[in-house]
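> What follows is a structure written as structure tokens; I'll ask about it next.
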Amino acid sequence: MKVTVVGAGAVGASCAEYIAIKNFASEVVVLDIKEGFAEGKAMDLMQTASLNGFDTKITGVTNDYSKTAGSDVAIITSGIPRKPGMTREELIGINAGIVKTVSSNLIEHSPNVILIVVSNPMDTMTYLVHKTTDLPKNRIIGMGGALDSARFKYRLAEALEAPISDVDGMVIGGHSDTGMVPLTAHATRNSIKVSEFLSEDRLAQVSEDTKVGGATLTKLLGTSAWYAPGAAVSSMVQAIACDQKKMFPCSAFLEGEYGLNDICIGVPVLLGKNGIEKIVKIDLADAEKAKMKESAEGVRKTNSLLAL
1 MKVTVVGAGA VGASCAEYIA IKNFASEVVV LDIKEGFAEG KAMDLMQTAS
51 LNGFDTKITG VTNDYSKTAG SDVAIITSGI PRKPGMTREE LIGINAGIVK
101 TVSSNLIEHS PNVILIVVSN PMDTMTYLVH KTTDLPKNRI IGMGGALDSA
151 RFKYRLAEAL EAPISDVDGM VIGGHSDTGM VPLTAHATRN SIKVSEFLSE
201 DRLAQVSEDT KVGGATLTKL LGTSAWYAPG AAVSSMVQAI ACDQKKMFPC
251 SAFLEGEYGL NDICIGVPVL LGKNGIEKIV KIDLADAEKA KMKESAEGVR
301 KTNSLLAL
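full-length UniProt numbering puts the first residue of the sequence shown at 1, with every later residue one more than the last.
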């Protein structure tokens, strides 16, 4: 199993580290456009191998996609964050150009690759890859829901004062502060609905805290988070590499599922050796359906800014 991570920043390096530590990949290639940056990150990570007990080979390269040839899975983390004074259109325009170039280069050298998109705005960048490449839809996956659900479970465990291993929950919808749909009615503690333990008001607070999870960390850190995104990606890659058929909410291209067409948005899927093996249908309450529809409208509005 060969995995490529494009972008050697904090998120990309975290992806590479967690994948290596889990020891299911033979090689991880980290690529960046900044001269020597990926090489340095790879060397630093390889110097932890004897300490962390992994045998995965980590290689860093500067903008040389020939070194990514034969990748089974590739993760796109590259792009820029929004800066003061920058419009959404400018951000999307710049990141769309980067993601188009990166995905094209990856596919040229690894035609059978499965792509995982992390770059923001994530649902729109995933949609862009669908529209600008010839990859089948099962091999293009947006990461967001896996991360959002991990943050949801963290907030649920916090509210319940429970071990996080007791808690299960899922977030669907768009990967944005206003687009997330935490499924509080479906969340459980050891198979018992969390509504048995928490008041409606407390669950509403958990939901709101989940939605602003990324913004909360950005405010505290002064930049985007990286540990949880890296862990989310590594779990997805492991599910694909080990053909686990494991369920994650991911941004997938929909053709009628959940009443939506021609959009990438977070829904539960099974991940295995072919990427998205199946989109899982769950019954939503009317209020959840309404929130999902509203989320989709927000994603479509962002998609309309793409120059397709």
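Note that the Cβ used here is the ideal one computed from N, Cα and C, for glycine as well.
Report the residue ranges of all beta strand (DSSP E) runs contained in full by the UniProt domain "Lactate/malate dehydrogenase N-terminal" (1-142); include only those spanning at least 3 residues, in chain order.
Runs found: 2-6, 27-32, 57-62, 73-76, 114-117, 140-142.
> Buried or exposed for T223, going by 16 or more other Cβ atoms inside 10 Å?
Reading the sequence shown from its first residue, position 223 is the one you call residue 223. By the 10 Å Cβ count, T223 comes out exposed.
> Following the continuous beta strand (DSSP E) through V269, name the residue where it begins and the one where it ends.
Walking along the sequence shown from the start, residue 269 turns up at place 269. Counting along the chain, the beta strand (DSSP E) containing V269 begins and ends at 261-272.
> At the level of alpha carbons, what is the spacing between A10 and D123?
Here residue 10 refers to the residue found at position 10 when the sequence shown is read from its first residue. Here residue 123 refers to the residue found at position 123 when the sequence shown is read from its first residue. Roughly 21 Å separates the two Cα atoms.
> Buried or exposed: T178, going by 16 or more other Cβ atoms within 10 Å of its Cβ?
Position 178 of the sequence shown holds residue 178. Counting Cβ neighbours within 10 Å, T178 comes out exposed, since fewer than 16 surround it.
> Run the CB neighbour count on L221, radius 10 Å, all protein chains shown included, and call it buried at 16 or more, exposed below.
Taking the first residue of the sequence shown as position 1, residue 221 is located at position 221. Classification for L221: exposed.
> Output needed for N95: all residues of its chain with C-beta closer than 6 Å, excluding positions within five of it in sequence on either side, in chain order.
In the sequence shown, counting from the first residue as 1, residue 95 sits at position 95. Closer than 6 Å at the Cβ level, and outside the excluded window around N95, lie G79, S119.
> I'd like the span of the beta strand (DSSP E) that includes K278, first residue to last.
To locate residue 278, count along the sequence shown from 1; it is residue 278. Taken as a continuous stretch (DSSP letters only), the beta strand (DSSP E) holding K278 covers 275-279.
> Can you give me the C-alpha to C-alpha distance between E27 and A204, rounded to a whole angstrom?
Indexing the sequence shown from 1 puts residue 27 at position 27. Indexing the sequence shown from 1 puts residue 204 at position 204. If I take the Cα positions, the gap works out to 43 Å.
> Using the Cβ count rule (16 or more neighbours within 10 Å means buried), how would you classify K153?
Here residue 153 is taken as the residue at index 153 of the sequence shown, counted from 1. Under this definition K153 is a buried residue.
> Measure the alpha-carbon distance for L115 versus T188 and round it to whole angstroms.
Working through the sequence shown from its first residue, we reach residue 115 at position 115. Working through the sequence shown from its first residue, we reach residue 188 at position 188. L115 and T188: Cα-Cα distance of roughly 31 Å.
> So the candidates are G259, K245, E288, N303; which of them puts its Cα closest to the Cα of K278?
Start at 1 with the first residue of the sequence shown, and residue 278 comes out as number 278. Per the Cα distances, K245.
> Less than 6 Å between C-beta atoms, sequence neighbours within five positions excluded: which residues of the same chain meet that for P229?
Position 229 of the sequence shown, counting from 1, holds the residue named residue 229. Correct list, in chain order: V11, L147.
> Starting from the Cα of K273, find the closest Cα among L284, G169, F253, N138 and give me that residue.
By 1-based counting over the sequence shown, the position of residue 273 is 273. Considering only alpha carbons, the answer is N138.
> Could I get the ranges of all uninterrupted beta strand (DSSP E) runs contained in the UniProt domain "Lactate/malate dehydrogenase C-terminal" (147-300), with 3 residues as the minimum, in chain order?
Those beta strand (DSSP E) runs which fall completely within the UniProt domain "Lactate/malate dehydrogenase C-terminal" (147-300) and span 3+ residues are 171-173, 180-182, 246-255, 261-272, 275-279.
> Can you tell me whether A185 is buried or exposed, with buried defined as 16 or more other CB within 10 angstroms of its CB?
Mapped onto the sequence shown, residue 185 falls at position 185. The residue in question, A185, is exposed, as its Cβ has fewer than 16 Cβ neighbours within 10 Å.
> How about T171 and A157: do their beta carbons lie closer than 8 Å?
In the sequence shown, residue 171 corresponds to position 171, counting from 1. In the sequence shown, residue 157 corresponds to position 157, counting from 1. Checking the sequence shown, residue 171 turns out to be Val, not Thr. The answer is no: Cβ separation not under 8 Å.
> Relative to the C-alpha of M46, which residue among L306, A13, E35 is closest?
Position 46 of the sequence shown, counting from 1, holds the residue named residue 46. The shortest Cα separation from M46 among L306, A13, E35 belongs to A13.
> Take every Cβ of the segment 31-43, pair it with every Cβ of the segment 252-270, and state whether three or more of those distances are shorter than 8 Å.
Output reads no: the segment 252-270 does not touch the segment 31-43.
> Please determine, among G70, I21, M180, the residue with the shortest C-alpha to C-alpha distance to L51.
In the sequence shown, residue 51 corresponds to position 51, counting from 1. Comparing Cα positions, the closest option is I21.
> Is it right to say A241 is buried, meaning 16 or more other beta carbons lie within 10 angstroms of its own, or is it exposed?
As a first step, residue 241 is located in the sequence shown; it is residue number 241 there, counting from the start. Answer is buried; the Cβ neighbour count reaches 16.
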